[in-house]
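These notes concern the structure reproduced below.
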Amino acid sequence: MGRGRQKAKHTKVARDLKYYSPDTNYGALQRELTHSEDAEPDYVDKWADAADESAPAKTFAMTFEPQPSYDQAEELVPEIPVAIQPDVAEPDDGSDLEPERHRNARSA
Numbered sequence: 037m038g039r040g041r042q043k044a045k046h047t048k049v050a051r052d053l054k055y056y057s058p059d060t061n062y063g064a065l066q067r068e069l070t071h072s073e074d075a076e077p078d079y080v081d082k083w084a085d086a087a088d089e090s091a092p093a094k095t096f097a098m099t100f101e102p103q104p105s106y107d108q109a110e111e112l113v114p115e116i117p118v119a120i121q122p123d124v125a126e127p128d129d130g131s132d133l134e135p136e137r138h139r140n141a142r143s144a
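For the sequence shown, the working numbering gives the first residue as 37, with consecutive numbering after it.
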């Protein structure tokens, strides 16, 4: 959107806000502005009575068990069997590197 259209929209909104006055609910405004002694305080801790004052505070470190040492960790890991491949003798003539060239050279 160009600056001209943006400015026109802004002007339109500003004009609407300046000249349009919605119906004001003065009763609600008065209730909001008057202070009542029966009202709740600004901050109410809803969990204050649920907390046990005599219990020690738990910290993050107390909730988890310590990590095992390196030696203990090796004992915990199961041994994984490894399949051993039989030794396969590879040809030394280089036929496995470029099979197409060797086939064509032999047939020619």
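Note that the Cβ used here is the ideal one computed from N, Cα and C, for glycine as well.
State the Cα-Cα distance for the pair L12 and S57, rounded to the nearest angstrom. Look at the range of the chain in this structure, 37 to 144, and you will see that residue 12 is not part of it.
With a CB to CB cut of under 6 Å and the five nearest residues on each side skipped, what residues in its chain are close to Y79? none
State the DSSP-derived secondary structure class of A64, mapped to helix, strand or coil. helix
Alpha carbon of K43 to alpha carbon of L53, nearest angstrom: 15 Å
Helix, strand or coil at E111 [DSSP, three-state]: helix
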